[in-house]
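Novice: Residue numbers (this note's numbering), protein chains in the order written: chain A, 166 to 369; chain B, 166 to 369; chain C, 166 to 369; chain D, 166 to 369.
Glycine residues also receive a C-beta, built at the ideal position from the N, C-alpha and C atoms.
Sharing a structure below in structure tokens format, with a few things to ask.
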DNA sequence: GATGAATGAGTCTTCATTCAT
DNA sequence: AATGAATGAAGACTCATTCAT
């Protein structure tokens with residue numbers, strides 16, 4: 166076989182990653198064997214290893230790629246100017262996360278949980294993840310400041326704290342949906358609205 | 166040989182569980198070997214196996230015991246009548262979670278993440294966990310109803326949604342603290358206050 | 166496609182052999198991978214395999230070619246009539262062996278050791294090697310007879326034994342130079358002279 | 166099983182080493198698989214690995230143990246005072262090497278060749294080996310000085326050169342016996358006598 | 001003729017579990 | 001009851017070789 170084209174190479178990598186995702190999500194990162202992935206990918210051991218030199222690299226790729234792809238989808242929502250009001254923003258972002266299971270056998274929420282757990286023992290992954298979430302939290306902080314300006318958040322509360330609260334809600338949505346399974350984006354959004362008291366309070 | 170007393174037996178089980186926690190949290194559930202735990206416990210392989218017949222049982226015990234112990238600490242806060250107002254409740258519960266970590270070599274947040282991940286592939290654990298969190302959410306729903314009665318939550322929002330939002334915040338606090346590490350209980354509580362707009366709105 | 170010329174074919178074979186030598190000597194016969202050789206040769210896997218159909222063939226070629234090339238250099242020294250006296254002959258032959266190593270990335274002594282070791286498990290190589298060394302020993306026997314005629318060796322000693330001793334010295338020089346590294350041709354020659362006692366004994 | 170006695174432990178190690186020797190000598194160091202050794206030892210994979218933590222350690226042990234055991238046998242011959250005359254010494258040492266196949270399936274000469282080859286790529290082994298042979302050569306130098314005092318070697322030749330020559334003969338005997346197989350200790354000894362010319366020269 | 005991606009049997013090593021003492 | 005040596009199935013990864021292009 167002559168040299169393979171770059172697209173074909175990328176397609177093969179994607180094919181392997183797809184297989185890895187599907188196995189990881191079913192069995193977890195460490196309980197998945199390379200053989201599982203190899204069989205799922207439809208390729209041979211050697212082929213898989215020629216694209217990803219070790220199981221660890223595959224794990225890193227599976228997790229960071231998820232992170233990056235999700236990032237691409239969420240950023241536009243966070244960047245919108247003026248920012249969406251709290252409940253709307255929450256509804257949009259959680260819906261995006263929920264919808265992300267674009268590919269068959271791929272559920273972002275499960276992968277996210279796996280990645281968080283793995284980050285506890287994989288320093289490199291931990292760093293990458295921290296960088297990524299720090300960035301998201303930065304964007305949320307900007308959004309929070311916008312809310313304060315728009316009278317949608319208390320001005321005396323540090324925007325950073327609002328960002329932390331909001332990020333918690335997002336993370337928690339992922340966990341709750343993954344484990345209990347009965348949480349819809351609208352529900353958390355409604356819950357936040359219920360706790361905000363905005364309407365109630367404003368109704369003189 | 167004389168039969169071992171029940172207390173001694175319980176003490177041994179605790180000793181092994183302690184060892185398991187410390188290893189699990191450092192290495193993760195699957196990357197931890199029985200040998201790690203055996204060495205950490207200071208007992209022999211045979212002894213450990215006579216108390217926990219398999220690694221899976223040990224994993225189950227480590228996770229469910231955490232769940233139960235935490236439950237015992239949080240229940241009183243949720244049960245208080247009348248319920249604490251939203252921000253206070255959040256502050257109390259997260260602080261309890263945070264404090265629970267103090268025990269040497271034991272960090273509830275890490276164990277929780279491990280447990281959630283494991284629940285994805287262990288049906289029995291998943292059921293146990295669901296049951297437990299469903300109960301917590303039930304309590305939260307009762308609390309939310311209390312808030313609505315007290316004018317601390319919008320009455321038209323389903324109490325269930327408020328409970329879901331609140332549980333998300335708790336889960337998310339655990340994740341954010343485990344990964345980013347720079348989140349204090351007061352901060353998320355303040356963030357919620359900032360988003361509630363209660364004071365602001367009520368001002369005029 | 167045009168058939169490749171015989172010279173070009175021979176040049177390619179030499180190029181591959183050169184690459185193989187350089188790898189073998191660095192890593193040993195079995196720890197060298199075909200990929201090492203392929204990369205060192207600058208050719209493709211397919212190309213290398215079209216010249217040498219297997220790793221074993223390449224090993225055989227690397228070892229026997231060395232043997233043959235060395236043979237070509239040593240034969241003239243052994244054939245000289247009348248034969249050089251013992252110490253001179255030893256000096257010349259070891260110097261020739263030593264000099265043969267100069268070629269970049271090629272050290273005959275290392276290759277010889279590899280070949281000897283491989284001959285222990287490769288029957289074909291063992292036969293080839295035996296034939297070759299039996300021939301050399303035959304030449305040495307002729308030389309020994311010459312020495313006896315010239316009064317340079319005891320006439321009552323079987324010439325064959327002298328040949329065996331002499332071949333041992335040569336083999337041993339290779340080993341000692343390869344492992345200890347601090348042995349010069351003149352030194353072994355001088356050592357033999359010292360043990361010969363010729364001058365001393367003849368003195369009175 | 167309770168703690169094993171030290172002797173039993175040593176016996177097991179010996180049993181594994183024996184198995185390793187027998188395989189190494191048949192197949193060579195790298196072509197031997199751990200599975201070969203495991204099967205030959207009659208133990209399980211885990212057991213073998215609990216005594217020798219890696220194949221490399223086993224190789225090191227196999228080679229250095231040979232070196233040490235041989236050392237114990239040869240040292241007394243070299244230390245004798247006054248030293249045996251050259252031919253006798255050569256005869257004794259080569260005979261000792263030859264006889265060394267104490268154990269079934271163990272041939273020192275083959276192991277020596279394997280060790281020398283391995284030392285080319287294993288720095289640790291190379292160092293160990295150098296130290297060992299440097300010591301032997303030191304002893305030979307002392308012997309050579311004795312010969313010179315006794316008029317059995319030319320006094321003007323550096324004793325070191327005589328030692329180098331002698332060590333070459335020993336190494337070469339090993340190689341020649343391993344490859345050509347038809348060399349007896351007496352023959353090399355006789356060959357050296359024939360080259361010494363002692364009797365001839367002394368005749369008049 | 002040449003290329004180099006793909007194959008898959010085979011390698012070393014680990015580790016949950018057992019059981020003779 | 002307790003010990004810890006032993007088991008052996010299974011895991012990650014390699015590498016000689018092939019063959020579609």
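Where residue 310 (chain A) and residue 324 (chain A) are concerned, what is the direct C-alpha to C-alpha distance, given to the nearest angstrom?
Specialist: Sequence index remark: in the first chain, residue 310 (chain A) carries index 145 (1-based). Sequence index remark: in the first chain, residue 324 (chain A) carries index 159 (1-based). In a straight line, the C-alpha of residue 310 (chain A) is about 6 Å away from that of residue 324 (chain A).
Novice: Return helix, strand or coil for residue 272 (chain C), following the three-state DSSP convention.
Specialist: On the third chain, position 107 is the one that residue 272 (chain C) refers to. Of the three classes helix, strand and coil, the one that applies to residue 272 (chain C) here is coil, per DSSP.
Novice: Taking all protein chains shown into account, decide if residue 246 (chain D) is buried (16 or more other Cβ within 10 angstroms of its Cβ) or exposed.
Specialist: As a working mapping, residue 246 (chain D) is identified with position 81 in the fourth chain. Label assigned to residue 246 (chain D): exposed.
Novice: Keeping to the same chain, check which residues put their C-beta closer than 6 Å to that of residue 278 (chain A); ignore five residues upstream and five downstream.
Specialist: Looking up residue 278 (chain A) in the first chain gives position 113. 343, listed in sequence order.
Novice: Taking the C-alpha atoms as reference points, what is the distance between residue 368 (chain D) and residue 346 (chain C)?
Specialist: Your numbering for residue 368 (chain D) matches position 203 in the fourth chain. Your numbering for residue 346 (chain C) matches position 181 in the third chain. Residue confidence for residue 368 (chain D) is low, a pLDDT of 38 falling below 50, so the modelled location carries little weight and cannot support an answer.
Novice: Which bits of chain D does residue 299 (chain C) rub up against, with CB to CB less than 8 Å?
Specialist: Here the question's residue 299 (chain C) lines up with position 134 in the third chain. The contacting residues are 345.
Novice: Out of D:280, D:209 and D:176, which has the shortest C-alpha to C-alpha gap to residue 336 (chain D)?
Specialist: Reading the fourth chain from its first residue, position 171 is the one you call residue 336 (chain D). Per the Cα distances, D:280.
Novice: Closer than 8 Å by C-beta to residue 259 (chain B): which residues in its own chain qualify, once you throw out the five before and the five after it? Chain order, please.
Specialist: Working through the second chain from its first residue, we reach residue 259 (chain B) at position 94. Around residue 259 (chain B): 335, 338, 350, 353 and 354.
Novice: Go through the segment 220–246 of chain B residue by residue and report every complete run of the alpha helix (DSSP H) that reaches 4 residues or more, in order.
Specialist: 220–244, all fully within the segment 220–246 of chain B.
Novice: Quick check on residue 368 (chain C) - is its C-beta less than 7 Å from some C-beta in chain D?
Specialist: By one-based count along the third chain, residue 368 (chain C) stands at place 203. Residue placement at residue 368 (chain C) is flagged as unreliable, the pLDDT there being 38, under the threshold of 50; the coordinate-derived value follows with that caveat. By this cut-off, residue 368 (chain C) is not an interface position.
Novice: Tell me which residues share the same chain as residue 210 (chain A) and place their Cβ nearer than 6 Å to its Cβ, disregarding the 5 neighbours each side in the sequence.
Specialist: Taking the first residue of the first chain as position 1, residue 210 (chain A) is located at position 45. 203.
Novice: Looking only at its own chain, which residues have a Cβ that is under 8 Å from the Cβ of residue 193 (chain C), when we skip the five neighbours before and after it?
Specialist: Against the third chain, residue 193 (chain C) aligns to sequence position 28. Closer than 8 Å at the Cβ level, and outside the excluded window around residue 193 (chain C), lie 279.
Novice: In three-state terms, what does DSSP make of residue 168 (chain D)?
Specialist: On the fourth chain, position 3 is the one that residue 168 (chain D) refers to. Residue 168 (chain D) falls in the coil class under three-state DSSP.
Novice: Go through its chain and collect everything with a Cβ distance to residue 312 (chain C)'s Cβ below 8 Å, but skip five positions before and after it.
Specialist: Taking the third chain and counting its residues from 1, the one referred to as residue 312 (chain C) is at position 147. 248, 250, 251, 318 and 327, listed in sequence order.
Novice: Looking at the secondary structure, which residues open and close the alpha helix (DSSP H) in which residue 286 (chain D) lies?
Specialist: Here the question's residue 286 (chain D) lines up with position 121 in the fourth chain. Residue 286 (chain D) -> no alpha helix (DSSP H), and no H or E assigned at all.
Novice: Residue 294 (chain D): which of D:322, D:320, D:228 and D:315 sits nearest, CA to CA?
Specialist: Here residue 294 (chain D) corresponds to residue number 129 of the fourth chain, with the count starting at 1. With distances taken between Cα atoms, residue 294 (chain D) lies closest to D:228.
Novice: Quick check on residue 333 (chain C): buried or exposed, where buried means 16 or more other Cβ atoms within 10 Å of its Cβ?
Specialist: Taking the first residue of the third chain as 1, we reach residue 333 (chain C) at position 168. When all chains shown are included, residue 333 (chain C) counts as buried.
Novice: Is the segment 300–307 of chain A close to the segment 231–247 of chain B, with three or more CB pairs under 8 Å?
Specialist: Segments in contact, no.
Novice: Which same chain residues end up closer than 6 Å to residue 270 (chain C) when comparing Cβ atoms and leaving out the 5 residues on each side of it in sequence?
Specialist: Within the third chain, residue 270 (chain C) is the residue found at index 105, counting from 1. Excluding positions up to five away in sequence, the list reads 187.
Novice: Looking only at its own chain, which residues have a Cβ that is under 6 Å from the Cβ of residue 184 (chain D), when we skip the five neighbours before and after it?
Specialist: Within the fourth chain, numbered from 1, the residue matching residue 184 (chain D) stands at position 19. The residues are 202, 205 and 206.
Novice: Below 7 Å on C-beta distance, what does residue 284 (chain D) contact in chain C?
Specialist: By one-based count along the fourth chain, residue 284 (chain D) stands at place 119. Result: 344.
Novice: State the DSSP-derived secondary structure class of residue 347 (chain B), mapped to helix, strand or coil.
Specialist: Mapped onto the second chain, residue 347 (chain B) falls at position 182. Coil.
Novice: Compute the Euclidean distance between the alpha carbons of residue 380 (chain D) and residue 198 (chain D), then round it to the nearest angstrom.
Specialist: No answer is possible for residue 380 (chain D): it lies beyond the span of chain D, which begins at 166 and ends at 369.
Novice: Out of C:208, C:265 and C:322, point me to the one whose CA is closest to residue 362 (chain D)'s CA.
Specialist: Counting from one through the fourth chain, the residue named residue 362 (chain D) turns up at place 197. For residue 362 (chain D), the nearest C-alpha among the options comes from C:322.
Novice: Since I believe residue 230 (chain B) is in contact with residue 290 (chain B) (beta carbons under 8 Å), could you give me their beta-carbon distance rounded to a whole number of angstroms?
Specialist: Indexing the second chain from 1 puts residue 290 (chain B) at position 125. Indexing the second chain from 1 puts residue 230 (chain B) at position 65. Their Cβ separation, rounded to whole angstroms, is 12 Å, which puts residue 290 (chain B) and residue 230 (chain B) out of contact at 8 Å.
Novice: Please name the residues in the segment 227–255 of chain A whose beta-carbon is closer than 8 Å to at least one beta-carbon of chain B, in chain order.
Specialist: Listed by position, the residues of the segment 227–255 of chain A near chain B (Cβ gap below 8 Å) are 251.
Novice: Please list the residues of the segment 346–360 of chain D that have a C-beta atom closer than 7 Å to any C-beta atom in chain C, keeping them in chain order.
Specialist: Those residues of the segment 346–360 of chain D that come within reach of chain C (Cβ to Cβ, closer than 7 Å) are 348, 352, 353, 355, 356, 357, 358, 359 and 360.
Novice: Leaving out five residues on either side along the sequence, give the residues of the same chain with a beta carbon under 8 Å from the beta carbon of residue 357 (chain D).
Specialist: Counting from one through the fourth chain, the residue named residue 357 (chain D) turns up at place 192. Taken in chain order, the residues that qualify are 251, 252, 255 and 334.
Novice: Residues of the segment 188–206 of chain D with a CB closer than 9 Å to any CB of chain C: list them in chain order, please.
Specialist: Cβ contacts with chain C come from 190, 191, 192, 193, 194, 195 and 196.
Novice: Classify residue 284 (chain D) as buried or exposed, calling it buried when 16 or more other Cβ atoms lie within 10 Å of its own Cβ.
Specialist: For this step, residue 284 (chain D) is matched to residue 119 along the fourth chain. It counts as buried.
Novice: What is the rounded straight-line gap between the Cα of residue 288 (chain D) and the Cα of residue 274 (chain C)?
Specialist: Reading the fourth chain from its first residue, position 123 is the one you call residue 288 (chain D). Reading the third chain from its first residue, position 109 is the one you call residue 274 (chain C). Using only the alpha carbons, I get a separation of about 18 Å.
Novice: On a Cα-Cα basis, can you pick out the residue from C:341, C:297, C:300 and C:262 that is closest to residue 299 (chain D)?
Specialist: The residue given as residue 299 (chain D) occupies position 134 in the fourth chain. Ranking the options by Cα distance to residue 299 (chain D), first place goes to C:341.
Novice: Mind checking if residue 319 (chain A) is an interface residue toward chain B, Cβ cutoff 7 Å exclusive?
Specialist: One-based indexing of the first chain puts residue 319 (chain A) at position 154. Yes, residue 319 (chain A) counts as interfacial toward chain B.
Novice: Indicate the three-state DSSP secondary structure (helix, strand or coil) for residue 297 (chain D) in the structure shown.
Specialist: Position 132 of the fourth chain, counting from 1, holds the residue named residue 297 (chain D). DSSP places residue 297 (chain D) in helix when its eight states are reduced to three.
Novice: Leaving out five residues on either side along the sequence, give the residues of the same chain with a beta carbon under 7 Å from the beta carbon of residue 177 (chain C).
Specialist: Within the third chain, the letter at position 12 stands for residue 177 (chain C). Excluding residues within five positions, the ones whose Cβ falls inside 7 Å are 216.
Novice: For residue 279 (chain A), return the contacting residues in chain B, with the cut-off set at a CB-CB distance below 9 Å.
Specialist: Residue numbering aside, residue 279 (chain A) sits at position 114 when the first chain is read from its first letter. Result: 282 and 285.
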